[in-house]
Structures are given as C-alpha cells and as structure tokens.
Amino acid sequence: MTDGLHKLLARSAERPCALARSELAALLAVEDGTELQALFDAAYALKVKYCGKRVAIRGLVEAGNVCAKDCLYCGIRRSNGKVTRYRLSADEIVRLAELNAKQGYASLVIQSGEIESEEQTRFVEDVLRRIAPLDLGVTLSLGEQTEEVYRRWKDAGASRYLLRIETSNPDLYTTLHPANHSWERRVECLRALRRCGYQVGTGVMCGLPGQTYDDLAHDIEFYDKMDVDMIGMGPFIPHPDTPLATSCQSLATNHQALILGLKMIAVTRLYLHDVNIAAATALQALAPDGRERGVRAGANVVMPNITDVKYRRSYQLYAGKPCLDENAGLCKRCLERRLASIGETVDYGHRGDSLHYRRRMCASASIPGGGER
Ligand code: SAM
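Numbered per the numbering used here, the sequence shown spans residues 2 to 374.
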C-alpha cells in the first residue's frame, strides 16, 4: 500500500469529513487489490466502531409498480409497456408488516412507484395507522410528494423516508430523465422531509453513463451538506427495456460495477462515520455475496425482500434481480447464514435508528448521550 493511501485512510478515520473532494475521488479510483482491501478494511473498522458487529434489518415491501415517472433507467418506468402493473391492497401490506414483526425484524420499508393523489395519500395513511400497533420503525420510499403529504404520513406513523437524489450533478440528472423531471424538486423534497422531522435518507446510482469519480465524490459531499441520516445507494444496472440500456453500450462488467458500489460504501463510511448505510439489493444482483461484501465495506443495514414471490417479477428495476422465487422465511435463514459467514449477526428486535439521527436529536434537545437503539 502506498504511503499516500495509508495517510488518507488514517486521516479519514480520525474525524468525519476530513478529506477534500479530490481525495475522495482518489479513494474512489483505487484499483490495486491490496489497496482496495485496505480501503474496505478501514471502512469496516469504522462500521464496527459505530454500529458493532450487528446488521440492522428492514423487511422490504414492494407495494406497487404503478409509476407516474419515466426515468430513463428504471424497469418500472411509466412507458415500459411490458410490465404487468400491480398495487398491493391495504390488507396485503398489513399482513406483510405482521409477518415482518413475526420474523423479529423491528423495521419495515414500504417502497413503490410514484403516485401523487389524494387517494394514494389516504391509502398510505390508512396502512400506517393499521400497522402502528406493531411498533415497527417504518421507512417510506414513495417518491416526490408535497410537504403536506409528507407531514400527514409522518403523523400517521412513518418515521423515516428514503428519496434518492440519483446523482448530485443536475446536468447528469438531466441526461437520465425526461424534461419534466426536476432535480431541484427532489432536493426541495429532501428539505421538506427534514422539516417534517423524518430520519432522512438519500443516495445515488454509481456507474451511470457519463458519471466521473469527481461526480461521485461530490455525491458524498452532498450527503454531508444535506446532513442526511441514512444512505441507500447502489450500482446502476441496465434494464433491457429502458432507453438508457439501449443507448449506453456495455459500460462495465458485473465485477467492475460491484467494486464501484463497494468503494462508494467504503468512502461514504470513511467520510460520514455515523450514518446508516444500506447494502443495496443491487449488489446481490451482481454477485451472490454482494450484500455481505457491502457490509464488509462499511454498510450496516440490509433490506431482505418480504413481498410475496408472485409480485417480485413485476418489480424489476434492473436486470438480474435476486431472490425472485424465495419466500420471506427462506430469505431470513439465508441472510442469517450469510451474515454469520462474515462474523456478523442480525440485530433482531431493534429498530436500528441512525446514530447520526439520534445525535442530531440529542444535540437539538441538548441531551447528552444517545437514545433507544
Ligand atoms: N418511487 C420511489 C422513488 O422515486 O424514490 C421509489 C422507487 S424507485 C424505483 C427506487 C430506486 O430504484 C430509485 O431511486 C433508483 O435509484 C433505483 N433504480 C431504478 N432503476 C435502476 C437501475 N436500472 N439500476 C439500479 N438502480 C435503479
């Protein structure tokens, strides 16, 4: 390992946000096998320092694939006529939330395509009120909404919201979306979520056509600037029925895309220290042990899919989605086994709130120490 890399890793471990953008980009550009391992080891040491050898689990409910958006990379984009559209009923989502609680997962993510309507707002409120007695930490990932809607869902029981910015470079964002999709609105939504009191998560795709290491370094600075609590990011994987897959020639091998995704996790952990970072399912699409490798590179959250298998094929954002035929029980055993193989355990019974969020709350209330895990 070069002396320069050794010094960068040592400095980044000392305190958060210790590196300049060019230094973040230099870490993201590391390719040598020994240096990569040193990068992942340094990030994993910080993950263990802040989160222990435990992984927070959120059961993922893919609540529907009806989407008003037409993002050029996404398999469930409005214009993809090959997708069979579905929306889970409130009863189905409540049943999955109960199953989630029964599995011992204290946290749940409800994700779907984006629908902005009073009917959808009321539907989600109803679901949230019905699952409130289960006392789960509930993350919503339902896209751009007005501040009033975010507030209503917060009042109904949601505590976290994940809205990926996709890229912090507005020009790059423009190349990935139709003209009526607004990067500025997404940023404003993140601000609105914060005002409503959510634990706020964002993230990007890495390996996008035209994206540079400098863009990715800027993405990590963006996470800090927005002071987010959670990061959910992952490699871009072309979906054959989308314009971006047709226009971009094969960009990277699965291995290269996986390594870039792992480097983003590691460098984000080294820069931000105490945020929650998810090992995205997209990593598992690139390698069977992709999520475990994400944890070994600094992630502390995994989101096993608990949606009924009959719907999973209809929620394919990218090619090669894993666990299409595995029900939640099988996923649970497989996950335990996989995490045990890297010396990690499932953090059953805890909501896994972001340490960054708890510190933020304590600082604003001037309470020393942290709250309930
Ligand atoms: N509608 C919600 C929203 O906009 O935040 C949540 C659903 S959206 C499909 C979830 C995420 O999938 C997006 O934020 C995007 O980053 C990711 N995604 C979509 N297509 C992808 C692809 N081809 N490769 C990797 N990730 C993709």
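We treat Cβ as the ideally placed atom computed from N, Cα and C, and that holds for glycine.
No experiment lies behind these values; they were computed from the predicted model shown.
From the options, residue whose alpha carbon lies closest to that of residue i
i      : options                          : result
Pro210 : Thr175, His256, Gly233 and Ala57 : Thr175
Leu191 : Arg352, His219 and Glu148        : Glu148
Arg361 : Asp348, Arg352 and Val229        : Val229
Arg59  : Arg161, Gln285 and Thr213        : Arg161
Glu36  : Leu135, Leu9 and Ala57           : Leu9
Gly138 : Ala280, Glu99, Glu119 and Ala298 : Glu99
Leu1   : Lys83, Pro179 and Leu273         : No statement about residue 1 is possible, as the shown extent of the chain runs from 2 to 374 and does not include it.
Arg359 : Gly82, Val201 and Asp136         : Val201
Leu163 : Gly82, Thr346, Leu261 and Tyr199 : Tyr199
Leu135 : Ala107, Glu222 and Arg187        : Ala107
Lys333 : Lys322, Gly344 and Tyr349        : Tyr349
Enclosing beta strand (DSSP E) for residue i [first to last residue]
i      : result
Val139 : Gly138 to Ser142
Tyr316 : Note, Tyr316: premise wrong, no beta strand (DSSP E); not H, not E.
Tyr162 : Arg161 to Leu163
Exposure of residue i, with buried meaning 16 or more beta-carbon neighbours within 10 Å
i      : result
His7   : exposed
Asp326 : exposed
Lys103 : exposed
His256 : exposed
Asn170 : buried
Ala366 : exposed
Pro236 : buried
Met304 : buried
Asp220 : buried
Glu185 : exposed
Ser23  : exposed
Met231 : buried
Ala267 : buried
Asn306 : buried
Lys311 : exposed
Thr254 : exposed
Unbroken alpha helix (DSSP H) run spanning residue i, endpoints
i      : result
Ile377 : This structure does not reach residue 377, given that the chain is present from 2 up to 374, and the question cannot be answered.
Ile238 : That residue, Ile238, is in no alpha helix (DSSP H); it is neither H nor E in DSSP.
Val188 : Trp184 to Arg196
Thr247 : Pro244 to Ser248
Cys363 : Leu356 to Ala366
Lys48  : Gly34 to Cys52
Gly5   : Asp4 to Glu15
Beta-bridge partners of residue i, as assigned by DSSP
i      : result
Gln257 : DSSP lists no partner for Gln257.
Ser108 : Gly138
Cys207 : Pro236
Val268 : Paired residues: none, contrary to the question.
Leu61  : Val110 and Asn306
Glu167 : Val205
Asp277 : The question names Asp, but residue 277 is Asn in the sequence shown. Answer is Met231, bridged to Asn277.
Arg55  : Thr346
Residue i: CB within 7 Å of a non-hydrogen atom of ligand 3
i      : result
Pro210 : Summarising the ligand content, the structure contains ligand 1 and does not contain ligand 3.
Neighbour flag for residue i against chain B, beta carbons, 8 Å
i    : result
Met2 : Structure shown: chain B not included; a single protein chain is present.
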